[in-house]
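Student:
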Amino acid sequence: MSSSSSKIQELSAYMGYRLKVASVDTSGDGYTRLSVTNVGIAPTLYDLNVVHENVTFEPSLAQLKPGASRYVYGNAVSLR
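Going by this note's numbering, the sequence shown opens with residue 121, and the numbers climb by one from there.
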């Protein structure tokens, strides 16, 4: 883990954010669906997107309240 990555995690925890990927579903056509749950104590106040291997998942996690979950979607095929 890089120092900037650990700093981001430290600041996120300080602000009460803690997000958990609860499930991952993939399809044969390159789409991935994640279920993300806010297990922290604060709602996400900013536009936050899951990014994995250059794929940005939509929609944003903005305003995800503690205890709530949201599906986000990404498509790795569109990078090719």
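The beta-carbon is built from N, C-alpha and C at its ideal position, and this holds for glycine as well. Model, not experiment: these values are computed from the prediction.
If you run the structure through DSSP and keep just helix, strand and coil, what is Y134?
Tutor: Correct three-state label for Y134: helix.
Student: Give me the Cα-Cα distance between K140 and G150, rounded to the nearest whole angstrom.
Tutor: Spanning the two alpha carbons is a distance of roughly 22 Å.
Student: Kindly give me the distance between the Cβ atoms of N158 and T152, rounded to whole angstroms, as I take these residues to be in contact under 8 Å.
Tutor: So it is not a contact: roughly 20 Å between Cβ atoms.
Student: Nearest to S189 by alpha carbon, out of A196, G148, P179, V197?
Tutor: Here the closest residue by C-alpha is P179.
Student: If we count the other Cβ atoms within 10 Å of its Cβ and call it buried at 16 or more, is Y137 buried or exposed?
Tutor: The residue is buried, with at least 16 neighbouring Cβ atoms inside 10 Å.
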